[in-house]
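Novice: If you scroll down you'll find the structure; I have some questions about it.
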Amino acid sequence: MKKKVALIAGVGGMCGGNMAQFLHATGQWDVIGVSRGSPELGEWVRHIAADLLDPQQTQERLVNIEHVTHIFYTALLTGKSYEEENDLNTRLMRNFLDAALPQIRKLEHIHVLEGVKWYGYHKGAYKTPAREDDPPCSNPPYFYEEQHNYVLKCQQGQSWTWSTTRPGAVCGYANGARINLMMVIAAYATIMKELGKPLIFPGDEATYHALTFTSDVGMLNRAMLWASTDPRAANQAFNIGNGDAFRWHDMWPRIAAMFGMQAGPVKTTCLVDFMADKEPLWRDLVHRHGLKQGDLFRLAPWGYADTVFSRKWDNMISMVKANQFGFTEMIDSEAMMQRIFNEFRETRIIP
Ligand SMILES: NC(=O)c1ccc[n+]([C@@H]2O[C@H](COP(=O)([O-])OP(=O)(O)OC[C@H]3O[C@@H](n4cnc5c(N)ncnc54)[C@H](OP(=O)(O)O)[C@@H]3O)[C@@H](O)[C@H]2O)c1
Numbered sequence: 181m182k183k184k185v186a187l188i189a190g191v192g193g194m195c196g197g198n199m200a201q202f203l204h205a206t207g208q209w210d211v212i213g214v215s216r217g218s219p220e221l222g223e224w225v226r227h228i229a230a231d232l233l234d235p236q237q238t239q240e241r242l243v244n245i246e247h248v249t250h251i252f253y254t255a256l257l258t259g260k261s262y263e264e265e266n267d268l269n270t271r272l273m274r275n276f277l278d279a280a281l282p283q284i285r286k287l288e289h290i291h292v293l294e295g296v297k298w299y300g301y302h303k304g305a306y307k308t309p310a311r312e313d314d315p316p317c318s319n320p321p322y323f324y325e326e327q328h329n330y331v332l333k334c335q336q337g338q339s340w341t342w343s344t345t346r347p348g349a350v351c352g353y354a355n356g357a358r359i360n361l362m363m364v365i366a367a368y369a370t371i372m373k374e375l376g377k378p379l380i381f382p383g384d385e386a387t388y389h390a391l392t393f394t395s396d397v398g399m400l401n402r403a404m405l406w407a408s409t410d411p412r413a414a415n416q417a418f419n420i421g422n423g424d425a426f427r428w429h430d431m432w433p434r435i436a437a438m439f440g441m442q443a444g445p446v447k448t449t450c451l452v453d454f455m456a457d458k459e460p461l462w463r464d465l466v467h468r469h470g471l472k473q474g475d476l477f478r479l480a481p482w483g484y485a486d487t488v489f490s491r492k493w494d495n496m497i498s499m500v501k502a503n504q505f506g507f508t509e510m511i512d513s514e515a516m517m518q519r520i521f522n523e524f525r526e527t528r529i530i531p
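In structure tokens form, the structure reads like this:
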């Protein structure tokens, strides 16, 4: 069978990097990936180093991609404000599609990764469980909507189809990811244990008791592939979570047990500040335990941690649509966390 060819924007990231590895492992895909920095992937990926914010550089470097069959768009830049984030990410996608689409001869599909911010999770309480036909957040809209509208505009008169997936906190490994819940928890627990402290919940009481959910990165990647290749999923958006939901007040003591620790009380802590002087401690751990990643602030995005542990409202999606359209996988979130922390240990990311 002739191999399909994936062009992944954001190939070094949590979602794009894991997607690249997943597609490669099937043996049925060639993978081309775009990002500024070199991804921690093998020789099998054809990496194109391009800054998608620079339209000219993108046009010059994004070449020899005529044979691409599927685009997976997973690039992300965070901004100091949501206005800046919207502007950056709208430009990223436009520059990328403007450079890529005219060259590709037989494009079959564009998959764009979105998230629960589509529903306004980042702004405050939203209707839960969120359904795909709920309205996108407004005042201001998030960049996902602008990106989606641009894909629809590009699709006019073309034969290719699109799909999107909307995960919650994506759980897996990626060094340098801007959003990485499991790495934040694993590095925080490792440091608290080293300091001889209990696993204090660094957020606030409201967040501790609110409902939330996670999305295993492997499951998300399988959903992305399904949505991009199953004709039933063409031109549709799908929420993708593990299928369950939990409250930190139930999960946190279980996570503490996964690290052989006692769960501490809730004590609101700015993790960016708390971690500011922990680099020497982390480097010592790296040295003593033969760990791989020495840069504590690149490994775990502490700014993101401070936001995720201070969302005081419920965060929950309905997975009914994906299930009815044909993606029926579910994962127990507690079992997923235990597996991921074990993987972090086996791959020498944490002791
Ligand atoms: N991770 C999560 O928990 C999560 C949850 C829900 C939704 N999502 C959504 O999923 C999508 C992907 O997120 P992610 O977590 O995978 O992000 P990520 O780990 O931060 O990866 C982003 C990728 O984009 C690349 N990139 C950033 N700026 C670029 C530029 N100017 N030119 C070229 N490449 C650039 C980065 O590489 P370089 O920096 O090397 O260029 C990196 O490869 C986003 O829409 C995000 O909102 C993520």
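For any residue, its number in the numbering used here is found by taking its place in the sequence shown, counting from 1, and adding 180. Glycine is no exception: its CB is placed at the ideal position from the N, C-alpha and C atoms.
1) Where does TRP432 fall in DSSP's three states?
2) Mark HIS469 as exposed unless 16 or more other C-beta atoms lie within 10 angstroms of its C-beta, in which case mark it buried.
3) In the DSSP assignment, find the beta strand (DSSP E) that holds ARG402 and state where it starts and stops.
4) Rounded to whole angstroms, what is the Cα-Cα separation between GLY197 and THR206?
5) Starting from THR344 and walking both ways along the alpha helix (DSSP H), at which residues does that stretch end?
6) Among PRO219, ARG271, GLY304 and TRP209, which has the Cα closest to the Cα of HIS247?
7) By the DSSP assignment, the beta strand (DSSP E) with VAL293 in it spans what residues?
8) State the Cα-Cα distance for the pair VAL466 and LEU187, rounded to the nearest angstrom.
9) May I ask you to list the residues that DSSP assigns as paired with LEU391?
10) Within the same chain, show all residues whose beta-carbon is closer than 8 Å to that of PHE276, passing over the 5 residues directly before and after it, in chain order.
11) Which residue's Cα is closest to the Cα of GLU220: GLN442, LYS472 and ASP512?
12) Please tell me whether, using a cut-off of 8 Å, the distance from the CB of THR254 to the nearest non-hydrogen atom of ligand 1 is below it.
13) Are ARG358 and GLU294 touching if we call contact CB-CB under 9 Å?
14) According to DSSP, is LEU187 part of a helix, a strand, or is it coil?
15) Determine, using beta carbons only, whether GLN416 and SER490 come nearer to each other than 9 Å.
16) Please name the residue in ALA515, THR258 and ASP494 whose C-alpha comes closest to that of GLU385.
17) In the DSSP assignment, find the beta strand (DSSP E) that holds TYR253 and state where it starts and stops.
18) So does MET441 have its beta carbon nearer than 8 Å to some heavy atom of ligand 1?
19) What residues match up with GLY213 in a beta bridge as DSSP calls it?
20) Cα separation between PRO481 and ASN360?
21) If you check the beta carbons only, do LYS377 and GLY444 fall under 9 Å apart?
22) Which residue marks the beginning of the beta strand (DSSP E) containing VAL446, and which one marks its end?
23) When every heavy atom of ligand 1 is checked, does at least one fall within less than 8 Å of the C-beta of PRO347?
24) ALA229 to GLY217, Cα distance in whole Å?
25) Thinking C-alpha only, which one of LYS182, GLY474, SER498 and CYS334 is nearest GLY423?
Specialist: Result, derived from the coordinates:
1) Helix.
2) HIS469 should be labelled exposed.
3) Run containing ARG402: none in the beta strand (DSSP E); it sits in the alpha helix (DSSP H), 397–409.
4) Taking the Cα positions, GLY197 is about 15 Å away from THR206.
5) In this chain, THR344 is not harboured by any alpha helix (DSSP H); it is covered by the beta strand (DSSP E) spanning 341–347.
6) Ranking PRO219, ARG271, GLY304 and TRP209 by Cα distance to HIS247 puts TRP209 first.
7) As written in the sequence, residue 293 is Leu, which differs from the Val given in the question. 289–293 is the extent of the beta strand (DSSP E) around LEU293.
8) LEU187 has its alpha-carbon roughly 35 Å from the corresponding atom of VAL466.
9) Under DSSP, LEU391 forms a beta bridge with ARG427.
10) Within the same chain, Cβ atoms closer than 8 Å to the Cβ of PHE276 are found at ALA189, VAL214, LEU232, THR238, LEU242, TYR253 and ALA255, the five residues on either side in sequence being excluded.
11) For GLU220, the nearest C-alpha among the options comes from LYS472.
12) Yes; taking the cut-off as 8 Å, the Cβ of THR254 has a heavy atom of ligand 1 nearer than that.
13) The answer is no: Cβ separation not under 9 Å.
14) Here LEU187 sits in strand by DSSP.
15) Not a contact, by the Cβ cut-off of 9 Å.
16) Of the candidates ALA515, THR258 and ASP494, the one whose C-alpha sits nearest the C-alpha of GLU385 is ASP494.
17) Note, TYR253: beta strand (DSSP E), 250–253.
18) The answer is no for MET441.
19) The partner list for GLY213 (beta bridge, DSSP) reads ILE188 and HIS227.
20) Whole-angstrom Cα-Cα distance: 7 Å.
21) Taking 9 Å as the Cβ cut-off, LYS377 and GLY444 qualify as a contacting pair.
22) Per DSSP, VAL446 belongs to the beta strand (DSSP E) from 443–446.
23) Taking 8 Å as the cut-off, one finds at least one heavy atom of ligand 1 near enough to the beta carbon of PRO347.
24) Between ALA229 and GLY217, the C-alpha separation is close to 7 Å.
25) When only C-alpha atoms are compared, the closest one is SER498.
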